[in-house]
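Here the numbering used here is used: the first residue of the sequence shown is 2, the next is one more, and so on.
Positions of the beta carbon are idealized from the N, C-alpha and C atoms, including for glycine.
First comes the structure, then the notes that go with it.
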Amino acid sequence: MVKAKLPPEHDFLVPFCAGREIHAQLCDVRLSQKDGKLWQQLGPGDTVEYFSHAWNAWSPAVVEGIAPDGSFDLDVQAGVPVSQLRLLDKHRFNALLVQELGPGDEAEYFDIARCEWQRARVLQHARAGSICLSVTFDQARPALYLHEEPWRVGSTEPGELVQVLLDGDIRLVRGEFLQDLAREGAALPRRQEAENAFTLSGRPALVSLPEVQQEAACPMAERQIDIVCVSHCWESCEHPDPCRFQLERLVAEPRALQSWYFIDYVSLFQLPRTECQQQCFEWAMCQVPLLFSHGGTRTLVIGERTPEQLFQERLDDVVGIVDESSGKLERVKVAQLTREGEGVGIWVPDLARKPASLPARSLHRC
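See the structure below:
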């Protein structure tokens, strides 16, 4: 919900600050060109427009109410990417049907700030690939459909794979990024830092949801990318792979460049987390078994620990660690980390549940 101040007489442009918008930019409001009413005549249900500097375009909004201070409550969600929308029925992730949404149609969009799906009504198509929505927050639906529609373990439905990633805000890591790290002698970053990281070629380190949707929609025989779930050992309390042993094993895989990886440290939010990130993490942990068991993914188990000789050789190597008390990223030597005595995989999937046509690959079985 956003608030817009009533303009001075004869002034049709009003600055206001967006509240619950994803893009909280200073904007301008104007009367809808199709509406001949004056500001003093506006009431709930009337349409106005606001100028979003984030998108450099006018977008429609619906007046929900008028506050005692003379400001308007505007119900608006502008420029939501189609990739973040879904329908309300079993075809919720059919990209073609989502594209056909028109004014007045109902849909849902994923509100990242609230970590849940919100019911909305389509106002109009905005710029290419996005839609303006009228959002009713008190009709929110939970992000987890796990309790409503239990997932079929070993499912091969591409929409379900995308849903698993979206529900837990799980991000896959490009094999290209892992190769760049290995070449530079750098350790894996946390999820929070990886969101702002790029490959040497300029691509984001983390794969976007639209990319996953596009690849998952292809028949298995036509897919160009492998989605690989990695089960591995944590070799220190602060970092799973400070000596880069596991990283180097991953990039040595024949199809590393043609793979997107689920690696818990990079794919899930790590400590310290915000409240929203903590919710996403908890939901993601409920979804991880489904991700490993899905027929559209492959499982890679790294049960080996860094050889002692290599560990000793890399004690002076530097790793980025976040101090939980200050929340600041610090660079410390491997020798300063708390080494785990016995490595245990964060979660070793029940490999027997994966369809036989898509066996798990293993460097070493835990």
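(1) Look up K334 in the DSSP assignment and give the residues it is bridged to.
(2) Have a look at D47, S232, P273 and flag the residue whose alpha-carbon is nearest the alpha-carbon of E325.
(3) Residues in the same chain with beta-carbon distance under 6 Å from L164, minus the five sequence neighbours each way, listed in chain order, please.
(4) May I ask which residues mark the beginning and end of the beta strand (DSSP E) holding S294?
(5) Between K329, Q259, A121, Q337, which has its C-alpha nearest D318's C-alpha?
(6) Grouping DSSP H, G and I as helix and E and B as strand, with all else coil, what is D47?
(7) Quick one: is T275 buried, meaning 16 or more other Cβ sit within 10 Å of its Cβ, or exposed?
(8) Taking the alpha carbon of G186 as the point to measure from, which residue in L258, C244, R299 has its own alpha carbon closest?
(9) Can you find the residues in the same chain that come closer than 7 Å, C-beta to C-beta, to D139, ignoring five residues on each side of it along the sequence?
(10) Do you know how far the Cα of S232 is from the Cα of T307?
(11) With DSSP collapsed to three states, give me the class of E223.
(12) Look up L248 in the DSSP assignment and give the residues it is bridged to.
(13) With a threshold of 8 Å on Cβ separation, who are the neighbours of K35 within its own chain once the five nearest residues in sequence on each side are excluded?
(14) On the three-state DSSP scale, how would you describe P159?
(15) Quick check on the DSSP output: the beta strand (DSSP E) that includes S260 runs from which residue to which?
From the atom records:
(1) Position 333 of the sequence shown, counting from 1, holds the residue named residue 334. DSSP, once it has assigned bridges, lists V319 as partnering K334.
(2) Translated into positions along the sequence shown, residue 325 becomes position 324. If we check each option's Cα against that of E325, P273 comes out closest.
(3) For the purposes of this step, residue 164 is taken as the residue at position 163 of the sequence shown. A small fix is needed here, since residue 164 is Gln in this sequence, not Leu. Around Q164: no qualifying Cβ.
(4) Taking the first residue of the sequence shown as position 1, residue 294 is located at position 293. Here S294 belongs to no beta strand (DSSP E); instead the alpha helix (DSSP H) covers 276 to 294.
(5) Taking the first residue of the sequence shown as position 1, residue 318 is located at position 317. Checking every option, the nearest Cα to that of D318 belongs to Q337.
(6) Indexing the sequence shown from 1 puts residue 47 at position 46. In this structure, D47 counts as coil in the three-state DSSP scheme.
(7) Mapped onto the sequence shown, residue 275 falls at position 274. Per the 10 Å Cβ criterion, exposed.
(8) By one-based count along the sequence shown, residue 186 stands at place 185. The candidate whose alpha carbon is nearest that of G186 is C244.
(9) As a position in the sequence shown, residue 139 is number 138, starting the count at 1. For D139, the pLDDT reaches just 36, beneath the cut-off of 50, and the residue's location in the model is therefore unreliable, leaving the point undetermined.
(10) Position 306 of the sequence shown, counted from the first residue, corresponds to residue 307. Position 231 of the sequence shown, counted from the first residue, corresponds to residue 232. Rounded to the nearest angstrom, the two C-alpha atoms are 15 Å apart.
(11) Mapped onto the sequence shown, residue 223 falls at position 222. Three-state DSSP puts E223 in a helix.
(12) As a first step, residue 248 is located in the sequence shown; it is residue number 247 there, counting from the start. According to DSSP, L248 bridges with nothing at all.
(13) In the sequence shown, the residue the question calls residue 35 occupies position 34. Unreliable positioning characterises K35 in this predicted model, as indicated by a pLDDT of 44, which lies under 50. A coordinate reading is not provided.
(14) In the sequence shown, the residue the question calls residue 159 occupies position 158. Of the three classes helix, strand and coil, the one that applies to P159 here is helix, per DSSP.
(15) What you label residue 260 is simply residue 259 of the sequence shown in a count that begins at 1. Counting along the chain, the beta strand (DSSP E) containing S260 begins and ends at 260 to 263.
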